[in-house]
Amino acid sequence: MGEWPDPTMPPGYGYGYQPPTTPDDDAPTFPLYGRQSQPTWQDEEAWQAPDRLSKPAALRRLRALKRGILAGTVVAFGALIGLVASHATGVTARPSTSSSTPSTSQNPDDNGGSFFNQPPGGFGFGSGNSIQSPVSGSTTS
Amino acid sequence: LDPATPSSRPSVDRPLPEFSLPKGLREERFSAMGTWVSALLPAAQAEESAELVHALFAAWEQTLSRFSSESELSRLNDHAGEPVEVSPLLFRVLTTALEAARATRGLYDPSLLHHLVRVGYDRTFDELPRALPAGPKVLEPGGGWRGIQMDVTRRVVTLPRGAGVDLGGIAKGMAVDAAIEQLGARGIDSALVNAGGDLAVLGLPPGLDSWPIAVVGKGTSWTVPLHHGAMATSGITRRRWLQGTQQRHHLLDPRTGEPAESGLWSATAVAASCGQAEVAAKVAFLLGADAGAAWLGGRHLAGLLVREDGSWRAVGSWPEHVMGVEAGA
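The listed protein sequences correspond, in order, to chains F and P.
Quick note: the working numbering has the first sequence finishing at residue 141, numbered continuously throughout.
Quick note: the working numbering has the second sequence finishing at residue 329, numbered continuously throughout.
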């Protein structure tokens, strides 16, 4: 929950809001961390307007900008689709890309994934030295 | 490294021995999920523990049975091709079944329902006649599971049009695991739950250093000291029938869609959980003695593969020293 604005403050304060400032403010400009020659709104040399571009140069820039926007849009859209797909079908069975016939390959990397993971000491046998009559049986079901 | 140890000693015909009951435990037995369920429970807490196990299996059967037209699984199968919102239980079991299918590269295939029906297994085995009219000559390979869509955010499942899911074996194994987990959560420190041969243990039986479990071979059995974990056996000893002149059984090979012909009589697997053991036993059975042993060993599982001629092959840490003595001898 965010903080409520302080009712004692004038309207417009709170939630990080700052009153606007303009170059016409009379407030003095302060040097930043001891750098005495930082440009200010009053420093005309530092804030000269750039030269006008020629029309062909402007068109070149415009085309480059368009290409950038298009590429960015495609990448962002792809990422969004990927996120949606992985979120909505997290355990979707992967469709076969070649044949639906199961493989019997003994690829060493194919160790059963996590399904056959055996926790340490997951199963074990006793010594069985003393002959016992069985208490149950594992028969074919 | 081949973890399997070959043996060519043929088995000797002998029926499964009677089971004994460890002191302090009581057996509760009932029928569920198309098979019998047996639970060995501390006598002092047997009644309430048995109720818990019974209720769990009843709920799982009601949700996951392919033989009940009212089950949620049947409703899902009836709406193949459409998105269906399912219960957390069905979603969990189906998700696990798909993980198993991926982990076995499709050798375990939960989408063979229509194949089973085509070979005649369209009702519970108890209701199935042992001789059926001739069926289709050619069956198609499986693999329909690859097209199943699972929407985890909305818990919605979409089966491919024409596909059907059978969760029989893995659901039974996972129900055993769930029962053991719930018993443990209730403070039970010694129990065994066995659903038609798929079993898991909790703690140790009073006065014993392991659970002596009879493992069936071809006409014989051995007693294996299971200390902790789970065990399951797949085989063709029981669910067999004739379709026309063709011998059929319920273990279909997804590579062909036909009942498997691997040269094995049964495959037993031991794993941390019963769901894992169930899938591993089935896959080992389909692969046969040599490839099945390598496959089990490659996953650090233990097992016993019994060939149709009765000879056997032990895999991994399977206690071979008990194989010289028949169960109950």
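Idealized CB from N, CA, C, for every residue including glycine.
Quiz item: Should Ala100(P) be flagged as near chain F, meaning a C-beta pair shorter than 8 Å?
Solution: It does: the Cβ of Ala100(P) has a partner Cβ on chain F nearer than 8 Å.
Quiz item: Comparing alpha-carbon positions, which option in Arg255(P), Glu72(P), Val193(P), Gly235(P) lies nearest Val93(P)?
Solution: Of the candidates Arg255(P), Glu72(P), Val193(P), Gly235(P), the one whose C-alpha sits nearest the C-alpha of Val93(P) is Glu72(P).
Quiz item: Does the separation of the CB atoms of Pro205(P) and Pro88(P) fall below 8 Å?
Solution: Not a contact, by the Cβ cut-off of 8 Å.
Quiz item: In its own chain, which residues sit with a C-beta less than 8 Å from the C-beta of Gly16(F), not counting the 5 before and 5 after it?
Solution: For Gly16(F), the predicted model reports a pLDDT of 37, less than 50, meaning its position is unreliable; a value from the coordinates is still stated below. Here Gly16(F) has no same chain residue with a Cβ atom under 8 Å from its own Cβ, once five neighbours each way along the sequence are excluded.
Exercise. Would you check if the stretch 34-53 of chain P and the stretch 182-201 of chain P touch, i.e. whether three or more CB-CB distances between them fall below 8 Å?
Key: Touching, yes.
Quiz item: Helix, strand or coil: how does DSSP classify Ala163(P) here?
Solution: In this structure, Ala163(P) counts as coil in the three-state DSSP scheme.
Self-check item: Sub-8 Å separation of Leu202(P) and Ala191(P) beta-carbons
Solution: Yes.
Quiz item: Pick from Ser65(P), Val117(P), Val224(P): whose alpha carbon is nearest that of Val331(P)?
Solution: In the structure as shown, chain P starts at 1 and stops at 329, and residue 331(P) therefore has no counterpart that could be examined.
Practice problem: Tell me whether Gln38(F) is buried or exposed, calling it buried when 16 or more other Cβ atoms sit within 10 Å of its Cβ. | Solution: Because Gln38(F) carries a pLDDT of 43, less than 50, the predicted location of this residue cannot be relied on, and the following value inherits that uncertainty. If you draw a 10 Å sphere on the C-beta of Gln38(F), you find fewer than 16 other C-beta atoms in it, and that means exposed.
Quiz item: Quick one: is Ser65(P) near chain F, going by C-beta distance under 8 Å?
Solution: Not closer than 8 Å to any Cβ of chain F, the Cβ of Ser65(P) fails to qualify, so no.
Practice problem: Return the residue from the list Thr268(P), Glu127(P), Asp166(P) that minimises the CA-CA distance to Leu116(P). | Solution: Taking only the C-alpha atoms, the option nearest Leu116(P) is Asp166(P).
Practice problem: Would you please verify whether the beta carbon of Trp211(P) is less than 8 Å from any beta carbon of chain F? | Solution: Closer than 8 Å to some Cβ of chain F, the Cβ of Trp211(P) qualifies, so yes.
Practice problem: If I'm right that Ala269(P) touches Gly303(P) with Cβ under 8 Å, what's the distance once you round it to whole angstroms? | Solution: Indeed, because the Cβ distance is near 4 Å, the residues count as touching under 8 Å.
Quiz item: From the beta carbon of Arg94(F), is the nearest beta carbon of chain P less than 8 Å away?
Solution: Residue placement at Arg94(F) cannot be trusted, given a pLDDT of 41 that sits under 50; what the coordinates show is reported in the next sentence. By this cut-off, Arg94(F) is an interface position.
Quiz item: Ser234(P) touches chain F at which residues, Cβ-Cβ below 7 Å?
Solution: Residues of chain F passing the Cβ test: Thr140.
Quiz prompt | Whole-angstrom C-beta distance between Thr63(P) and Leu90(P), which should lie under 8 Å | solution = That belief holds up - the Cβ atoms of Leu90(P) and Thr63(P) are roughly 6 Å apart, short of 8 Å.
Quiz item: Do we get a CB-CB distance below 8 Å when we pair Thr124(P) with the residues of chain F?
Solution: It does not; no Cβ of chain F falls within 8 Å.
Self-check item: Runs of alpha helix (DSSP H) wholly within the stretch 41-111 of chain P (minimum 4 residues, chain order)
Solution: The qualifying runs are 46-64, 72-78, 88-103.
Quiz item: Asp209(P): which of Ala71(F), Ser138(F), Gln132(F), Thr139(F) sits nearest, CA to CA?
Solution: Nearest in C-alpha terms to Asp209(P), of all of Ala71(F), Ser138(F), Gln132(F), Thr139(F), is Gln132(F).
Exercise. Check the Cβ of Met231(P) against every Cβ in chain F and list those closer than 9 Å, keeping chain order.
Key: Within chain F, the C-beta atoms nearer than 9 Å to that of Met231(P) come from Phe123, Ser138, in chain order.
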